[in-house]
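One structure below.
Number of protein chains: 2
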Amino acid sequence: MEQALIDATLERVRAALEAGQVDEAITALTTLHPADRADAFADLPRDEQAEILPRLDAQATADLLEELEGPEAAEVAAHLSPETLADVLDEMEPDEAADLLGDLPPEQAASALAQMEEADEVLPLLAHPDDTAGGLMTSAFYALRRQTTAQIAIDFLRTQRPDAETPYYLYVVDRFQKLIGIVGLRDLIVAEPQATVESIMKRDVVNVPVGTDQEEVARLMSRYDLAALPVVDGNGKLVGVINYAAMVDVIEEEATEDIYRLANVSDGDLQVFSPVRLSVRRRLPWLLVNLGTAFLAASVISLFEATIAKLAVLAVFQSIVAGQGGNAGTQTLAMVVRGLALGEIEFKDAWRAMAREAGIGLIHGMIVGLFVAIGAWLWRGIPILGLVIGMAMVGNLIAAGIAGTLVPLTLKALKLDPALASAVIVTTVTDCVGFGLFLGLATLFLPYLK
Amino acid sequence: MEQALIDATLERVRAALEAGQVDEAITALTTLHPADRADAFADLPRDEQAEILPRLDAQATADLLEELEGPEAAEVAAHLSPETLADVLDEMEPDEAADLLGDLPPEQAASALAQMEEADEVLPLLAHPDDTAGGLMTSAFYALRRQTTAQIAIDFLRTQRPDAETPYYLYVVDRFQKLIGIVGLRDLIVAEPQATVESIMKRDVVNVPVGTDQEEVARLMSRYDLAALPVVDGNGKLVGVINYAAMVDVIEEEATEDIYRLANVSDGDLQVFSPVRLSVRRRLPWLLVNLGTAFLAASVISLFEATIAKLAVLAVFQSIVAGQGGNAGTQTLAMVVRGLALGEIEFKDAWRAMAREAGIGLIHGMIVGLFVAIGAWLWRGIPILGLVIGMAMVGNLIAAGIAGTLVPLTLKALKLDPALASAVIVTTVTDCVGFGLFLGLATLFLPYLK
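Chains Y and U, in that order, give the protein sequences.
To convert, note that position 121 of the first sequence is 349 in the working numbering; the numbers rise steadily by one, no gaps.
To convert, note that position 210 of the second sequence is 438 in the working numbering; the numbers rise steadily by one, no gaps.
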């Protein structure tokens, strides 16, 4: 939608640069929304970026770096002098500045930090892993004491530089900086000027410790419709706030990760146009794991090689049984993995879920089995072949339901990601059960099949 | 996390109900956060719900219905008289009320609407499909004229009932109700009391027409970090606002839909504990479609039945080639589908993406092919078998890269969901190419394989 606008602006920017009018190029870029501006900038060739960058002021560079993807931002920042970078980092949101510092080479990060004026806002954020509440929070929040009046709070806000990113809440803390309540800007406006924030604050504020996993953060913010989530340390002291933009990123990241893991891609940041080398490193290992399990399934087939040598048509049908098991298992797996991610299924539901999916597998197996039996009979004219393949299908779809439930729930119980490797394990089960059941039954019924 | 608290409260509620102390039960429920309260209520048996429901006031019932899942809310609402339901709907957020009315039987919805006081807030929302901007928006927003002063705006807010759900923005419109700007509450507080909203508003507000698909809504809100997105009609008139809670729901829904569709489950609302009948209806059709494509792949195998009859070991290895193709194709598919959903890939990138994935397929194919060739050789002692399977693997992984890119991009170009049916088509391609290449090459090299 916005792509046409970005493309048109890019043309103006490049024409201006070719004519040597850097200021005109910057003006053209500035007409775009910051997110689009960053996209346009990223689309420029390296040398044209280098013409523009030194002419941007610290705030404009900060806006740009905030909107660029992590690795791109680090690359652009690498071209700035330590002094300029320090000025730019001072203008950035503390959480964004911390993320950027984390992506920079350690020496560059250290020298920039040493020259920053607001390093104390950023330093505490550097201590936390990216995928925890501490790594997501910003230190740009306003904390008030309980006896502050609404009028004083409003006057205080007037003294602060306005900043679109600051959450629309104020936090109330006691003298140990412990979080005791929250006041929305709206409540502040509506309140009597002399009312204390204690009298208008909401108590029982949902909050999380700094170490909370980002998936749990996103789940809570979504469950309770929170636009901002306060983060506390081990003593209940308010240390940061996660705003909804960070949460939206997390929800998207976690969904991408689940989709990728179900598809055996082990890095949620990988994109189609990531470097080929990275792509191979993240995908090839799973293909090799799959190769190992494929040999396992093949060894099940090889048990029945003598049967196949007598009746080659079995090789035609074996894949149908195994493949359908894989499809049915993937359906169950997707529902269980997503249910766990969204908090719709708990571990206590494990047996009930398994029984239900096994039951659905039985129903699906009987119906699909009937179709495949009729298909095989009509195609080959051997009714017993239909019976064998139908029975194997019922068994394999039950196995698919059980494996599709048990594997992710077991991984969850082991505190692993339920999506991780689930697909490999489930399809290995359905391949082995499918080949084994079908070829085993065929071996039993061989006299009636020829 | 909150489950323990819900369970403990449920015990108190049920003990109180057994002792006939309904008020105590309600008090216990009220200690919970509304989202948890709704969960606890939903966990109660039908008859205990029926004891509590009539004792809740309209606001409490409204809070409950807002938090319950759609079908559960409709079921609870079905037990209310038209008068009570009308009162409750008046207390609900207009967008939630509209959603609930859409889920009720038409007669009940009509009679409740007829008795509502604020029906005019809800009626316009009923006209839009659930999955469009119009279906997501609420009519509870504040629009100001440009010459309004900051002080008048604040005084106006004081006259309104405070409401946690109302977005933290005010919208500025001209005399035709056309959206011309946006003012954050923070800007309002910080402004001089006599400043007009026109002088402090932000222009160029990102907005969408009512018919915009919800996926596009979520993408824009995420791209531009918007906490609220104004919705306009065909004349640019402001008709509603989508708040971030609705957007978060959409992002989760769309991610679930992508995961499900890649796994061939055709209904994003389906959950493990959905009714069995519904589950079968949503999943069986895909299994039957897959069965059709499985017969297609089987027919490719049957072309080479004579070869397999001469050399049964081919039946052992054919699945490895086809299966690896399926895995590699799924990797590509997941990345392309997700890239399209997040706006990272555009259709103009199609050829470049396909060339890249074909190239990665070639690299993967050579490495996996080498491993499988060595494995087959070592296992069976037939070097030419290794060569055949290795070559087939290279070809099939290239096909996987091409199909995994082209299928979702083609669906997108046809304005269909790129995730829909992609997995079926891609694995059909990799099955057919895998079986055909491997068995075809084996037939060619048959004299050297025995």
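Idealized CB from N, CA, C, for every residue including glycine.
None of these values were measured; they are calculated from a predicted model.
Which residues in the same chain as T558/Y place their Cβ atom closer than 8 Å to its Cβ, once the five residues preceding and following it in sequence are excluded? The residue given as residue 558/Y occupies position 330 in the first sequence. L490, G632, A651, V654 and T655, listed in sequence order.
Residues in its own chain within less than 8 Å of G330/U by CB, not counting five upstream and five downstream? Looking up residue 330/U in the second sequence gives position 102. Taken in chain order, the residues that qualify are A337, L354 and D358.
Taking the alpha carbon of S547/U as the point to measure from, which residue in C660/Y, E485/Y and L498/Y has its own alpha carbon closest? Here the question's residue 547/U lines up with position 319 in the second sequence. Answer by Cα proximity: C660/Y.
Helix, strand or coil for Y370/Y, going by three-state DSSP, please let me know. Translated into the one-based positions of the first sequence, residue 370/Y becomes position 142. Y370/Y: coil per DSSP, three-state reduction.
Closer than 7 Å, Cβ to any Cβ of chain U: which residues of the region 458-488 of chain Y, in chain order? Y472, A473, V476, I479, E480, A483, T484, D486, I487 and Y488
Alpha helix (DSSP H) runs contained entirely in the region 260-348 of chain Y, provided each spans 4 or more residues: 262-271, 274-280, 286-295, 298-305, 310-319, 322-331 and 334-343
Range covered by the alpha helix (DSSP H) that runs through A456/U: Position 228 of the second sequence, counted from the first residue, corresponds to residue 456/U. Run containing A456/U: none in the alpha helix (DSSP H); it sits in the beta strand (DSSP E), A456 to V460.
Tell me whether the beta-carbon of V493/U lies closer than 8 Å to the beta-carbon of M365/U. Counting from one through the second sequence, the residue named residue 493/U turns up at place 265. Counting from one through the second sequence, the residue named residue 365/U turns up at place 137. The answer is no: Cβ separation not under 8 Å.
Mind checking the region 240-260 of chain U against chain Y and listing, in chain order, the residues whose C-beta falls within less than 7 Å of any C-beta there? none
Per DSSP, what kind of secondary structure is V654/U in: helix, strand or coil? Position 426 of the second sequence, counting from 1, holds the residue named residue 654/U. Here V654/U sits in helix by DSSP.
Does any residue of chain U bring its CB to less than 8 Å from the CB of Q559/Y? Taking the first sequence and counting its residues from 1, the one referred to as residue 559/Y is at position 331. Yes, Q559/Y counts as interfacial toward chain U.
So who's on the other strand from G409/Y, going by DSSP bridges? Start at 1 with the first residue of the first sequence, and residue 409/Y comes out as number 181. DSSP, once it has assigned bridges, lists V400/Y as partnering G409/Y.
So if DSSP puts L466/Y in a beta bridge, which residue, or which two residues, is it bridged to? For the purposes of this step, residue 466/Y is identified with residue 238 of the first sequence, where counting begins at 1. V460/Y.
Contained alpha helix (DSSP H) runs [length at least 4] in the region 527-600 of chain U, N- to C-terminal order: 533-538 and 541-569
Out of curiosity, what's the CA-to-CA distance linking I408/Y and E319/Y? The sequence position of residue 408/Y within the first sequence is 180, counting from 1. The sequence position of residue 319/Y within the first sequence is 91, counting from 1. About 30 Å.
Is there at least one Cβ from chain U nearer than 8 Å to G603/Y's Cβ? Working through the first sequence from its first residue, we reach residue 603/Y at position 375. Interface residue, yes.
Quick check: what's the CA-CA separation for L519/Y versus L292/U? Residue numbering aside, residue 519/Y sits at position 291 when the first sequence is read from its first letter. Residue numbering aside, residue 292/U sits at position 64 when the second sequence is read from its first letter. Computed Cα separation, rounded: 51 Å.
On a Cα-Cα basis, can you pick out the residue from L561/Y, A263/Y, G589/Y and A537/Y that is closest to V508/U? By one-based count along the second sequence, residue 508/U stands at place 280. Selected option, being the one with the closest Cα: G589/Y.
Is DSSP giving V436/Y helix, strand or coil here? In the first sequence, residue 436/Y corresponds to position 208, counting from 1. In the structure shown, V436/Y sits in a strand (DSSP, three-state: E or B).
Quick check: is the beta carbon of R497/Y nearer than 8 Å to any beta carbon in chain U? Locating residue 497/Y in the first sequence gives position 269, counting from the first residue. For the record, residue 497/Y in the displayed sequence is Asp; it is not Arg. No - not a single Cβ of chain U is within 8 Å of the one on D497/Y.
Which of helix, strand or coil DSSP assigns to K643/Y: As a working note, residue 643/Y is residue 415 in the first sequence. Residue state, collapsed to three classes: coil.
Simplified DSSP assignment, three categories, for T638/Y: What you label residue 638/Y is simply residue 410 of the first sequence in a count that begins at 1. Correct three-state label for T638/Y: helix.
In its own chain, which residues sit with a C-beta less than 8 Å from the C-beta of A286/U, not counting the 5 before and 5 after it? Start at 1 with the first residue of the second sequence, and residue 286/U comes out as number 58. Here the set comprises T312, D315, V316, D318 and E319.
Which whole-angstrom value is the C-beta distance of V657/U and A620/U, which I expect to be below 8 Å? In the second sequence, counting from the first residue as 1, residue 657/U sits at position 429. In the second sequence, counting from the first residue as 1, residue 620/U sits at position 392. Wrong, their Cβ atoms sit about 14 Å apart, outside the cutoff.
Q388/Y: which of A578/U, A378/U and D415/U sits nearest, CA to CA? For the purposes of this step, residue 388/Y is identified with residue 160 of the first sequence, where counting begins at 1. When each option's Cα is compared against that of Q388/Y, the closest is D415/U.
So the candidates are R584/Y, G623/Y and P611/Y; which of them puts its Cα closest to the Cα of V596/Y? Start at 1 with the first residue of the first sequence, and residue 596/Y comes out as number 368. Per the Cα distances, G623/Y.
Under 8 Å between C-beta atoms of L260/Y and T289/Y: On the first sequence, position 32 is the one that residue 260/Y refers to. On the first sequence, position 61 is the one that residue 289/Y refers to. No, these two residues do not count as a Cβ contact at 8 Å.
Go ahead and label P299/Y buried or exposed: buried means 16 or more other beta carbons lie within 10 angstroms of its beta carbon, across all protein chains shown. In the first sequence, counting from the first residue as 1, residue 299/Y sits at position 71. Flag for P299/Y reads exposed.
Inter-residue spacing [alpha-carbon to alpha-carbon] between L351/Y and I417/U: Along the first sequence, read from residue 1 onward, the residue named residue 351/Y stands at position 123. Along the second sequence, read from residue 1 onward, the residue named residue 417/U stands at position 189. Distance between the alpha carbons of L351/Y and I417/U is about 31 Å.
Closest to G412/Y by CA distance: which of D461/Y, L667/Y, Q442/Y and L372/Y is it? Along the first sequence, one-based indexing puts residue 412/Y at 184. Comparing Cα-Cα distances from G412/Y to each of D461/Y, L667/Y, Q442/Y and L372/Y, the minimum goes to L372/Y.
Identify which residue in A483/U, A423/U and E349/U has its Cα closest to the Cα of D327/U. As a working note, residue 327/U is residue 99 in the second sequence. Per the Cα distances, E349/U.
G668/Y to F532/Y, Cα distance in whole Å? Within the first sequence, the letter at position 440 stands for residue 668/Y. Within the first sequence, the letter at position 304 stands for residue 532/Y. Those two C-alpha atoms are separated by around 7 Å.
Going by DSSP, what residues sit across from T258/Y in a beta bridge? Residue mapping note: residue 258/Y aligns to position 30 of the first sequence, counting from 1. Note: T258/Y sits in no beta bridge, so no partner.
If you run the structure through DSSP and keep just helix, strand and coil, what is D441/U? By 1-based counting over the second sequence, the position of residue 441/U is 213. Note: D441/U maps to strand in three-state DSSP.
8 Å Cβ cutoff, G589/Y in contact with chain U: Locating residue 589/Y in the first sequence gives position 361, counting from the first residue. Chain U, which has no Cβ nearer than 8 Å to the Cβ of G589/Y, makes this no.
Can you name the start and end residues of the alpha helix (DSSP H) that G362/U belongs to? The count along the second sequence starts at 1 and reaches residue 362/U at position 134. Residues A361 to L364.
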